[in-house]
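Each protein sequence line maps, in turn, to chains A and B.
First residue of the first sequence? That's 1 in the numbering used here, and the numbers climb one at a time after it.
First residue of the second sequence? That's 367 in the numbering used here, and the numbers climb one at a time after it.
Even for Gly, the Cβ is constructed at its ideal location relative to N, Cα and C.
Worksheet for the structure shown next.
2 protein chains.
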Amino acid sequence: MANESRKFECESLKKLARAIFEKKGLAADKAADVAEVLLAADGLGIASHGIQRIGVYMTGMNCGRIKPTAEIGVVRETPVSAVLDANDGMGQPAAIKAMRMAVDKAKKTGLGIVTVRNSNHFGIGGYYSMMAAKEGLLGVSMTNSEAMVVPTFGCHPMLGTNPIAMTMPASPTWFHFDVSTSVVPAGKIELYKRQGKTLPDGWAVAPDGKVTNDPQVFLDIRKNKTDGGLLPLGGFGMEGGGHKGYAFSMVVELMTAVFSGGNTSNHVREKPNEDKCCHMFQAIDYGIFGDKKEIEAHFSRYMEEIRHSPKAAGQTRICCAGDIEAEVMKKFEASGIPIPDGTLNELIGIAKELGVDCQAILIEKK
Amino acid sequence: MANESRKFECESLKKLARAIFEKKGLAADKAADVAEVLLAADGLGIASHGIQRIGVYMTGMNCGRIKPTAEIGVVRETPVSAVLDANDGMGQPAAIKAMRMAVDKAKKTGLGIVTVRNSNHFGIGGYYSMMAAKEGLLGVSMTNSEAMVVPTFGCHPMLGTNPIAMTMPASPTWFHFDVSTSVVPAGKIELYKRQGKTLPDGWAVAPDGKVTNDPQVFLDIRKNKTDGGLLPLGGFGMEGGGHKGYAFSMVVELMTAVFSGGNTSNHVREKPNEDKCCHMFQAIDYGIFGDKKEIEAHFSRYMEEIRHSPKAAGQTRICCAGDIEAEVMKKFEASGIPIPDGTLNELIGIAKELGVDCQAILIEKK
Numbered sequence: 001m002a003n004e005s006r007k008f009e010c011e012s013l014k015k016l017a018r019a020i021f022e023k024k025g026l027a028a029d030k031a032a033d034v035a036e037v038l039l040a041a042d043g044l045g046i047a048s049h050g051i052q053r054i055g056v057y058m059t060g061m062n063c064g065r066i067k068p069t070a071e072i073g074v075v076r077e078t079p080v081s082a083v084l085d086a087n088d089g090m091g092q093p094a095a096i097k098a099m100r101m102a103v104d105k106a107k108k109t110g111l112g113i114v115t116v117r118n119s120n121h122f123g124i125g126g127y128y129s130m131m132a133a134k135e136g137l138l139g140v141s142m143t144n145s146e147a148m149v150v151p152t153f154g155c156h157p158m159l160g161t162n163p164i165a166m167t168m169p170a171s172p173t174w175f176h177f178d179v180s181t182s183v184v185p186a187g188k189i190e191l192y193k194r195q196g197k198t199l200p201d202g203w204a205v206a207p208d209g210k211v212t213n214d215p216q217v218f219l220d221i222r223k224n225k226t227d228g229g230l231l232p233l234g235g236f237g238m239e240g241g242g243h244k245g246y247a248f249s250m251v252v253e254l255m256t257a258v259f260s261g262g263n264t265s266n267h268v269r270e271k272p273n274e275d276k277c278c279h280m281f282q283a284i285d286y287g288i289f290g291d292k293k294e295i296e297a298h299f300s301r302y303m304e305e306i307r308h309s310p311k312a313a314g315q316t317r318i319c320c321a322g323d324i325e326a327e328v329m330k331k332f333e334a335s336g337i338p339i340p341d342g343t344l345n346e347l348i349g350i351a352k353e354l355g356v357d358c359q360a361i362l363i364e365k366k
Numbered sequence: 367m368a369n370e371s372r373k374f375e376c377e378s379l380k381k382l383a384r385a386i387f388e389k390k391g392l393a394a395d396k397a398a399d400v401a402e403v404l405l406a407a408d409g410l411g412i413a414s415h416g417i418q419r420i421g422v423y424m425t426g427m428n429c430g431r432i433k434p435t436a437e438i439g440v441v442r443e444t445p446v447s448a449v450l451d452a453n454d455g456m457g458q459p460a461a462i463k464a465m466r467m468a469v470d471k472a473k474k475t476g477l478g479i480v481t482v483r484n485s486n487h488f489g490i491g492g493y494y495s496m497m498a499a500k501e502g503l504l505g506v507s508m509t510n511s512e513a514m515v516v517p518t519f520g521c522h523p524m525l526g527t528n529p530i531a532m533t534m535p536a537s538p539t540w541f542h543f544d545v546s547t548s549v550v551p552a553g554k555i556e557l558y559k560r561q562g563k564t565l566p567d568g569w570a571v572a573p574d575g576k577v578t579n580d581p582q583v584f585l586d587i588r589k590n591k592t593d594g595g596l597l598p599l600g601g602f603g604m605e606g607g608g609h610k611g612y613a614f615s616m617v618v619e620l621m622t623a624v625f626s627g628g629n630t631s632n633h634v635r636e637k638p639n640e641d642k643c644c645h646m647f648q649a650i651d652y653g654i655f656g657d658k659k660e661i662e663a664h665f666s667r668y669m670e671e672i673r674h675s676p677k678a679a680g681q682t683r684i685c686c687a688g689d690i691e692a693e694v695m696k697k698f699e700a701s702g703i704p705i706p707d708g709t710l711n712e713l714i715g716i717a718k719e720l721g722v723d724c725q726a727i728l729i730e731k732k
């Protein structure tokens, strides 16, 4: 079979990732940050943002786009806010520092917002919103990214896929989502191509700005850097609310790039070997609104009402945001993280080149 | 013609609205609040939320759903936040008080969030986000409402149309949007019915939870209080991102109802002659992130880049959120507010019954 995979202990994969990034010059704490965020993605079943990304990050460091020894600067700070400069370092350490600051500020004042400029890919936004939730706070994260989304009635990519993630403590599972403000992320189109499927209307436009159903058209746009791209949530034009997705995407640009003094998505990756994307992290200590346990119970009760509300014909389940994620996490905690052979071989190759003993570190889960 | 309308001086319409609400027992300042918000809607061309609403508000006061003499209580307050109780009064005065508090807090600390519970319809959310922008702040407002939106894969309305409004100072026009998190608001379906049009896929579901294209099906659902309703932004299921619109709608429930200790939408209007919806208002003094003029210039420059970016085939214009609204406001400022004869006759009837001399107050724009 082409897609064989073996399962590994999550901690051993983290150790491998840490070792690789330390060999590339990252300080131990920063290498650990990157490893945590990557394996959190794998643990949520988001393999595209998991340990398989190491190859892309290696390329980024080798070409100078990612500066492994960059220091994170504090540009500006108030009791409720800060602006950080990642100085072209890895996105994860800057993002973790930023959310830690937002959490500390929220614990003192009730609210905290920290923005980051001149950064690189930060992995899954949901990791950072969960950081706040682990501290008993509402967490929000946003990031912009290389432009690949067209504005409503446009044909030139001017916006990133601009995901928004939010986590709110609740039981039995947290309210949690981590979604692009485009109708789908780019990876979904690649998946449709591999599966030989045509795209639904409203996902992507060809270079002339008209809707296309051919995933290859989008892949060519990305490869050749021509006009065309993904559509905002709501699809083409205004009939399905595409202007709303476009507005929400602009909110991400405002909160990340404009509020950090960094690059909007149309200027991210503009120059060779530069990324310079921007992030935003927000924490809210909802104790400012009332008793925290009561607030969590209220929201949990509402989610239960929704889960148990009448289903549409042919449907057997209504989920709340975070339900599926909680199940996947539990499953992979028990089974170990599946790593496809292709990814494993790439990791072994990278490790070998850096003098990291992959076999001694990885523990297969039986 | 059936749809004749005459144009009136905006100030004279405000005066009429104030006089009507004062006669119904509202304090002068609260009557003025309601008049301001209603005419702001008319000035933006959102007639559905303008002075024509007075009839609905009269019904609400006559049946006891709206208590005209209710006092607004402050339940809890911190330097960055407050929770208000509207005590079943009109939504507008509570909303204006809440946004004023959020603005004051943001001016002092950088950030302010104020929630409101036990309220009634507050008109257009965009009025309140603009209040903050007029003070040089980023403004956000949200409200929940009677449930008429189904969760993804559900058929029972569990969510309101839950609009989000945001205004950010920029030039030549402010970034401004005020949009439901459902794919369309209910009024859009009524409009399609009047125009004899069928609904696009992904707007509404029949009582069995399957997509319907017949606007009458939705109107019957509303009339008979059966299952069925509007779909979240992104449409049916997950293919077009309906789960994202559903998640954003849940954010509104969290920020409005859960963070005020009030009713989630499935419990709004649950009892006869009660509404008890909830709102949230947020102000951000973006001076905490850098020089305010530079931040405004940065965002304005990005919006100009988008407006001037290449258009899709057959399209002549790319707008930023707020561009159309700014044009409509300018047009109606010059022309006066058009009031259809049907609305005018209803207003004259209401005024007469309350002993208000409509003819002496209204000034027709020639």
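In the structure shown, A:F177 adopts extended strand secondary structure according to DSSP, grouped into three states. DSSP places A:F122 in the coil class of the three-state scheme, outside both helix and strand. In the DSSP assignment, A:Q216 forms no beta bridge with any residue. Residues of the segment 224-258 of chain A with a C-beta less than 7 Å from any C-beta of chain B: D227, L233, G234, G235, E239, G240, G241, K244, A247, M250, V251, E253, L254 and V258, listed in chain order. In terms of beta-carbon proximity, A:T78 lines the interface with chain B, with at least one pair separated by less than 8 Å.
Within the model, the alpha-carbon separation for A:G91 versus B:V617 is close to 26 Å. Within chain A, the residues placing a beta-carbon under 9 Å from that of B:C521 are S309, P310, K311, A312, A313 and Q315, ordered along the chain. Contiguous alpha helix (DSSP H) elements confined to the segment 156-209 of chain A occur at 186-194, taking only those with 4 or more residues. Taken atom to atom, the span from the alpha-carbon of B:E388 to that of B:A397 is near 6 Å.
Around B:G607, the same chain offers G600 as residues with beta carbons nearer than 6 Å, after the five sequence neighbours per side are excluded.
Interface residue (Cβ-Cβ distance to chain A less than 8 Å): B:M467 is not classified as such.
For the 8 Å CB-CB criterion, B:L405 and B:L379 form a contact. Three or more Cβ pairs closer than 8 Å define a contact, and the segment 128-137 of chain A meets that threshold against the segment 157-172 of chain A. When the Cα atoms are used, A:N144 and A:A28 turn out to be separated by approximately 27 Å.
Using a Cβ distance threshold of 8 Å, A:I295 and A:S309 do not count as a contacting pair. At a cut-off of 8 Å between beta carbons, B:P551 makes no contact with chain A. Secondary structure of B:H645 (DSSP, three-state): strand.
Setting aside the 5 residues that flank it on each side, B:C521 is surrounded in the same chain by V571, P573, D574, G575, D593 and G594, each with a C-beta closer than 7 Å to its C-beta; the list follows chain order.
In this chain, the beta strand (DSSP E) harbouring A:E77 covers G73 to T78. Taking 8 Å as the cut-off, the beta carbon of A:M238 is found no closer than this to the beta carbon of A:T181. The beta carbon of B:M534 falls within 8 Å of a beta carbon belonging to chain A, placing the residue at that interface. Sorting B:F541, B:W540, B:S447 and B:E512 by C-alpha distance to the C-alpha of B:P529 places B:E512 at the top. With a beta-carbon spacing of about 6 Å, A:I337 and A:F8 fall inside the 8 Å limit used to define contacts.
Residue-level contact by beta carbon holds for A:V83 and chain B, with a gap shorter than 8 Å. At least one C-beta of chain A is nearer than 8 Å to the C-beta of B:I672. The way I'd put it, the segment 249-268 of chain A doesn't touch the segment 99-107 of chain A; fewer than three beta-carbon pairs between them come closer than 8 Å.
Our two residues, B:M508 and A:C63, have alpha carbons roughly 45 Å apart in a direct line.
By the rule that beta-carbons nearer than 8 Å mark a contact, A:I295 touches chain B.
B:K659 is bridged by DSSP to nothing; it lacks a bridge partner. In this structure, DSSP gives A:I318 a state outside helix and strand, which the three-state scheme calls coil.
DSSP, read as helix, strand or coil, puts B:K473 in helix.
If you draw a straight line from the Cα of B:V440 to the Cα of B:P434, it is about 18 Å long. For the segment 555-571 of chain B, the beta-carbon criterion of a distance under 7 Å to any beta-carbon of chain A is satisfied by P566, G568 and V571.
Look at B:K373 here: in three-state DSSP terms it is strand.
Between B:I716 and B:I417 the beta-carbon gap is near 11 Å, outside 8 Å, which marks them as no contact.
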